[in-house]
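Just below is one structure, and these are the notes that go with it.
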Amino acid sequence: MNEAVGGLLKVLDLGLMPYKEAWDLQTRLHKELIDNKRAGYPIVQHHYLLLCEHPPVFTLGKSGSEENLRINNHELSEYQIEYFKINRGGDITFHGPGQLVGYPILDLDLIFTDVHRYVRSLEQVIINVLRIYGIEGSLNPSYTGVWVNNQNSDTEARKICAIGVHLSRWVTMHGFAFNVNTDLSYFDHIIPCGIADPDKSVCSLSSLLGKTLDLQRIKQEVTREFGLVFNLDIASPPIDITREYTILNNA
214 MNEAVGGLLK VLDLGLMPYK EAWDLQTRLH KELIDNKRAG YPIVQHHYLL LCEHPPVFTL
274 GKSGSEENLR INNHELSEYQ IEYFKINRGG DITFHGPGQL VGYPILDLDL IFTDVHRYVR
334 SLEQVIINVL RIYGIEGSLN PSYTGVWVNN QNSDTEARKI CAIGVHLSRW VTMHGFAFNV
394 NTDLSYFDHI IPCGIADPDK SVCSLSSLLG KTLDLQRIKQ EVTREFGLVF NLDIASPPID
454 ITREYTILNN A
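Quick note on my numbering: the sequence shown kicks off at 214 and runs consecutively.
Structure follows, in structure tokens:
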């Protein structure tokens with residue numbers, strides 16, 4: 214089933230959710246898909262896309278270095294920033310209000326079994342959304358994520374979306390962090406993604422456009438582009454988000 218038939222995508226808008234709570238939900242759904250696969254798909258396998266914001270938090274991937282966190286535990290507490298070491302790829306990044314975080318829980322056996330293509334597809338979703346706003350996102354051959362190049366420089370670029378994923382039995386978790394209305398000052402406390410190059414910084418959609426964006430509209434655009442890029446039908450009629458999350462959380 215390498216080149217696939219796609220499937221149905223359930224999108225859950227979780228609003229502003231503490232990082233650990235979202236991580237626990239990801240883990241539960243990830244296990245649900247793996248268990249269903251191991252059992253030979255007795256239940257129709259659906260995919261999930263969790264969309265949310267987090268209170269301020271730094272997360273460090275399994276290949277990251279704690280040296281890229283520039284503040285100590287006392288300062289983390291003082292600034293009210295949580296900190297987690299997690300099982301995704303990549304180094305350290307920030308999540309906070311105004312940033313759209315997407316956690317796809319996909320069974321790639323039903324889509325395509327190619328990790329590189331999966332990461333490129335996540336990046337393409339964000340590039341497509343940026344084009345709606347007249348921004349040309351680009352890829353960097355040395356780093357993952359979506360970048361916006363400085364038109365006056367051959368080397369300077371700013372990352373607008375970070376990517377970090379984990380796969381087990383071709384089922385995905387973790388995902389992307391798209392800076393929409395993000396307070397970029399938090400990135401001063403880390404070396405984002407472990408990239409110390411002064412020509413590689415971060416930006417947000419609001420900083421590029423000079424205005425605050427409607428995050429709910431961005432979620433709709435990301436959802437639409439995600440379905441198109443991955444050739445997945447979005448669950449319809451729309452899911453009762455509150456009811457669906459309550460059921461999942463109490464399962």
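All residues carry an ideal CB built from backbone N, CA and C; glycine is no exception.
These numbers come from a predicted model, not from an experiment.
Asked, Found
"C-alpha gap between Ile345 and Asn392, whole angstroms", "15 Å"
"Nearest to Val314 (by Cα), restricted to the options Leu282, Gln239 and Lys298", "Gln239"
"Run of the alpha helix (DSSP H) containing Asp237, from where it starts to where it stops", "Tyr232 to Arg251"
"Own chain residues within Cβ distance below 6 Å of Phe307, not counting five before or after", "Phe271, Tyr399 and Phe400"
"Span separating the alpha-carbon of Asp453 from that of Asp226", "Note that Asp453 scores a pLDDT of 47, beneath 50, so its modelled location is shaky; the value from the coordinates is reported in the next line. Cα-Cα distance, rounded: 10 Å."
"N- and C-terminal bounds of the beta strand (DSSP E) containing Phe271", "Val270 to Leu273"
"For Asn363, three-class secondary structure by DSSP", "coil"
"contact_flag[the region 279-297, the region 313-329] where n(CB pairs < 8 Å) is 3 or more", "no"
"Where the alpha helix (DSSP H) through Tyr254 begins and ends", "Taken as a continuous stretch (DSSP letters only), Tyr254 belongs to no alpha helix (DSSP H), as it is neither H nor E."
"Ala252 classed as buried or exposed, judged by whether at least 16 other C-beta atoms fall within 10 angstroms", "exposed"
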